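Please read the structure below before turning to the comments.
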Amino acid sequence: MIRYVLRRLLQLIPVFFGTTFLIYVLVWAVPGDPFSGKCGQTACPQAYVDLMTEKFHLNDNLILQYLKYLGSLFTGDWGETFNGTSVGELIATSYPITLRLALVAVLIEAVIGLTAGVLTGLRGKGFLDNLVLVSTTFLISLPVFVTAIVLQLVLGTELGIIDTSVSDNPSFGELIVPGIALGSLSMAYVARLTRTSIAENRHADYIRTAIAKGQPNSRVVGVHLLRNSVIPVLTFLGTDLGALMGGAIVTEGVFNINGLGGLIFRGIQNRESATVVGVVVLLVLVYLLMSLIVDLLYAVLDPRIRYD
């Protein structure tokens, strides 16, 4: 197991450098004046432009800029915005909020999606199966921002059950409805994926053997069927956590959540490349870490899987 973990960590190194380099190049190589709008309606003084150009190494070629950025990053310096604000401080303020939102979304999609998938997979065709099929098709066809706006209007404006905007440091309770909106699409995929996996494995040889041995139905389903069927679902949920953190821009905008999504949006809008690169690099690290954790959990769920 230790050798496998070390090998996977070594494999993640070129992936990290490759993805962060592409992100850095795409963000910093965007055509246009990086100082546009930084000094109001007038052009920035040449002294300010020269100072910022030297501070952010804008006269160097992109590869040298990237290497200097990595050198700062490895020492814990995430860079600064053009107005001198630390990107690390911005991330430290916004990251916990987005993480809570993503965890709520993953928990909702896991509980509801797995429950719906298991019930329909075990029962087969019928009213419940058709209901889940229609519901998931409906959710898949709706963009996330439409679901978020509908929930906000119905539950907030019309019924007054929730606040239309969350607080600056929202609790898990305040993030339930935004989490439902954010995880609605993935919840539909989890339900369908679980249903398909359960339906395929319920007729497998090991299930028939367990039934022939006289094992209780709860043990057959919970220990044998569900543990093997949930592996592809676990892969989806693990990688989806990183995807939800990066894809929360619209949901955070609808519910006025001060998370990473809003930070990225403002960074793009204000052409603060250091902010955009810093947030995306963090999301890459989260995604790579979740991929490794999911791979390690395979051996826990399926004893046949061994890592040498």
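Each residue of the sequence shown is one higher than the one before, counting from 1 in the UniProt record's numbering. Glycine included, C-beta positions come from ideal geometry on N, C-alpha and C. Computed from a predicted model, the values in this text were never measured in an experiment.
C-alpha distance - residue i paired with residue j, whole-angstrom precision
{"i": "Arg192", "j": "Val230", "result": "12 Å"}
{"i": "Val146", "j": "Gln269", "result": "23 Å"}
{"i": "Pro14", "j": "Glu272", "result": "26 Å"}
{"i": "Leu226", "j": "Arg7", "result": "30 Å"}
{"i": "Gly261", "j": "Leu282", "result": "13 Å"}
{"i": "Phe56", "j": "Ala188", "result": "44 Å"}
{"i": "His203", "j": "Val294", "result": "26 Å"}
{"i": "Ile2", "j": "Leu241", "result": "25 Å"}
{"i": "Leu296", "j": "Phe21", "result": "27 Å"}
{"i": "Cys44", "j": "Met290", "result": "43 Å"}
{"i": "Leu64", "j": "Val27", "result": "15 Å"}
{"i": "Thr137", "j": "Val233", "result": "18 Å"}
{"i": "Ala110", "j": "Thr75", "result": "37 Å"}
{"i": "Tyr206", "j": "Asp163", "result": "50 Å"}
{"i": "Leu159", "j": "Leu10", "result": "53 Å"}
{"i": "Val220", "j": "Gly214", "result": "10 Å"}
{"i": "Asn228", "j": "Tyr298", "result": "9 Å"}
Among the options, nearest to residue i - alpha-carbon criterion
{"i": "Ile161", "options": "Gly183, Asp168, Ile176", "result": "Ile176"}
{"i": "Asp287", "options": "Ala243, Cys44, Thr235", "result": "Before going further, note that residue 287 is Tyr rather than Asp in the sequence given. The shortest C-alpha separation from Tyr287 is found at Ala243."}
{"i": "Ile198", "options": "Leu155, Met187, Leu114, Glu272", "result": "Leu114"}
{"i": "Asp168", "options": "Thr75, Glu252, Asp129, Met245", "result": "Glu252"}
{"i": "Glu89", "options": "Leu99, Arg100, Asp77, Arg208", "result": "Asp77"}
{"i": "Phe172", "options": "Arg100, Leu234, Ala188", "result": "Arg100"}
{"i": "Gly246", "options": "Tyr298, Asn130, Asn217, Ala105", "result": "Ala105"}
{"i": "Thr19", "options": "Leu70, Leu58, Ala43, Tyr4", "result": "Leu70"}
{"i": "His224", "options": "Ala210, Ser141, Val233, Gly214", "result": "Ala210"}
{"i": "Gly79", "options": "Leu297, Ala274, Leu285", "result": "Ala274"}
{"i": "Ser218", "options": "Cys39, Val118, Leu51, Val233", "result": "Val118"}
{"i": "Glu174", "options": "Leu103, Glu200, Tyr4", "result": "Leu103"}
{"i": "Ile23", "options": "Val111, Val277, Thr137, Thr235", "result": "Val277"}
{"i": "Leu155", "options": "Ile180, Val134, Leu131, Leu292", "result": "Ile180"}
{"i": "Thr81", "options": "Met52, Phe74, Lys68, Phe16", "result": "Met52"}
{"i": "Ile249", "options": "Thr235, Phe265, Leu9, Phe16", "result": "Phe265"}
{"i": "Thr284", "options": "Asn130, Thr239, Gly267", "result": "One point to set straight first is that residue 284 is Val, not Thr, in the sequence displayed. Nearest option by C-alpha distance: Thr239."}
{"i": "Phe17", "options": "Leu67, Arg123, Tyr48, Gly126", "result": "Leu67"}
{"i": "Ser72", "options": "Val87, Gly222, Phe127", "result": "Val87"}
{"i": "Leu263", "options": "Ile91, Leu9, Lys213", "result": "Ile91"}
{"i": "Ser94", "options": "Pro170, Asn201, Leu131", "result": "Pro170"}
{"i": "Lys125", "options": "Ser141, Thr42, Thr196", "result": "Thr196"}
Under the three-state DSSP convention, the category residue i falls into
{"i": "Ser184", "result": "helix"}
{"i": "Ser171", "result": "coil"}
{"i": "Ser86", "result": "strand"}
{"i": "Glu80", "result": "strand"}
{"i": "Glu272", "result": "coil"}
{"i": "Arg219", "result": "helix"}
{"i": "Ser165", "result": "coil"}
{"i": "Asp60", "result": "coil"}
{"i": "Thr53", "result": "helix"}
{"i": "Phe21", "result": "helix"}
Supposed contact pair residue j and residue i - C-beta distance, whole angstroms, cut 8 Å
{"i": "Asn258", "j": "Ile97", "result": "6 Å"}
{"i": "Ser184", "j": "Leu139", "result": "5 Å"}
{"i": "Val190", "j": "Leu237", "result": "7 Å"}
{"i": "Ser165", "j": "Phe255", "result": "6 Å"}
{"i": "Val144", "j": "Leu107", "result": "Not a contact, Cβ separation roughly 17 Å."}
{"i": "Thr194", "j": "Gly121", "result": "6 Å"}
{"i": "Val25", "j": "Leu62", "result": "6 Å"}
{"i": "Val134", "j": "Ala116", "result": "Not a contact, Cβ separation roughly 12 Å."}
C-beta neighbour in chain B for residue i, strict 7 Å
{"i": "Asn201", "result": "No chain B is present in this structure, which holds just one protein chain."}
Scan the segment 133-167 and note each continuous beta strand (DSSP E) run of 3 residues or more that stays entirely inside, going in chain order.
If we require 3 residues or more, the segment 133-167 turns out to have no beta strand (DSSP E) run fully inside it.
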